[in-house]
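These notes concern the structure reproduced below.
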Amino acid sequence: MQLRPKSSNEPKIELTPLIDVVFLMLIFFMVSTTFDKQTELKVQLPNVMQQETPTEAPLRIDIVIDRQGKLYVNREELLRSDALTLRRVLEKIVEEQTDVPVMVTGDKQAPLQAMMTVMDVTAQLGLQKLHFSANQMGQAK
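One rule links them: number in my numbering = place in the sequence shown (from 1) + 497.
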């Protein structure tokens with residue numbers, strides 16, 4: 498047995514005062530903030546009579562070994578894929594420099610002998626910056 502009648506008035510939250518406070522804060526921050534670039538340093542750059550010529554791109558050797566073991570140096574196929582031909586081509590490119598980076602890209606089915614030939618010739622020429630490219634696991638194409 499219920500003696501009290503149900504109340505039909507549910508509590509309500511008034512949003513009007515909250516919106517008024519938010520608008521007042523927005524106006525306060527807009528008025529108090531300055532958008533002037535007073536703290537920026539002003540620098541005048543010197544004038545130059547002639548343009549600087551861009552330096553040549555740094556020398557880099559790209560060696561590609563395909564599935565059959567053929568060698569390509571800087572996108573050009575070698576006539577023979579032997580150590581002597583590769584050595585002659587690399588000697589023309591490096592011209593006594595030993596700090597030239599060499600990027601070796603080989604097919605995963607390429608013969609191991611071709612990879613060993615590249616490593617041997619670059620070691621004989623004193624090229625110490627030898628890099629091998631590969632895909633990370635999960636990125637195989």
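Here a beta-carbon is modelled for each residue, glycine too, at the ideal position from N, C-alpha and C.
Exercise. Just the C-alpha distance for D604 and L624, rounded to the nearest angstrom, thanks.
Key: Counting from 1 along the sequence shown, the entry for residue 604 is found at position 107. Counting from 1 along the sequence shown, the entry for residue 624 is found at position 127. Computed Cα separation, rounded: 22 angstroms.
Self-check item: Beta-carbon gap between V645 and L627 smaller than 8 angstroms
Solution: An answer regarding residue 645 cannot be provided, because it is not within the stretch 498 to 638 covered by the chain.
Self-check item: Segment contact flag, the region 562 to 569 with the region 607 to 617, C-beta cutoff 8 angstroms, min 3 pairs
Solution: yes
Practice problem: Take L556 and list the residues in its own chain whose beta-carbon comes closer than 6 angstroms to its own, dropping the five residues that flank it on each side. | Solution: Here residue 556 refers to the residue found at position 59 of the sequence shown. Taken in chain order, the residues that qualify are V597.
Self-check item: beta strand (DSSP E) segments (min. 3 residues) lying fully within the region 563 to 610
Solution: 568 to 570, 599 to 603
Practice problem: Output the distance between the C-alpha atoms of I560 and N632, rounded to the nearest integer angstrom. | Solution: The residue you call residue 560 lines up with position 63 of the sequence shown. The residue you call residue 632 lines up with position 135 of the sequence shown. Whole-angstrom Cα-Cα distance: 17 angstroms.
Self-check item: For I560, the three-state DSSP class (helix, strand or coil)
Solution: Here residue 560 is taken as the residue at index 63 of the sequence shown, counted from 1. Correct three-state label for I560: strand.
Quiz item: Which term fits V518, buried or exposed, when burial requires 16 or more other beta carbons within 10 angstroms of its beta carbon?
Solution: Within the sequence shown, the letter at position 21 stands for residue 518. That one is exposed.
Quiz item: Helix, strand or coil for L624 per DSSP?
Solution: Within the sequence shown, numbered from 1, the residue matching residue 624 stands at position 127. The answer is coil: DSSP assigns L624 none of H, G, I, E or B.
Exercise. List the residues that DSSP assigns as beta-bridge partners of F629.
Key: Numbered from 1 along the sequence shown, position 132 holds the residue referred to as residue 629. F629 is bridged to V601.
Quiz item: alpha helix (DSSP H) containing L523: first to last residue?
Solution: Counting from 1 along the sequence shown, the entry for residue 523 is found at position 26. From DSSP, the alpha helix (DSSP H) with L523 extends over 513 to 529.
Quiz item: What separation, rounded to the nearest whole angstrom, lies between the Cα atoms of F520 and S505?
Solution: Counted from its first residue, the sequence shown places residue 520 at position 23. Counted from its first residue, the sequence shown places residue 505 at position 8. The alpha-carbon atoms of F520 and S505 are separated by roughly 33 angstroms.
Quiz item: Based on Cα-Cα distance, which residue from A580, F526, F525 lies nearest to V615?
Solution: By 1-based counting over the sequence shown, the position of residue 615 is 118. For the residues A580, F526, F525, the minimum Cα distance to V615 belongs to A580.
Exercise. Please go through the same chain and pick out, in chain order, the residues whose beta-carbon is closer than 8 angstroms to the beta-carbon of E574, but skip the five residues on each side of it.
Key: Within the sequence shown, the letter at position 77 stands for residue 574. Only K567, L568 meet the Cβ criterion.
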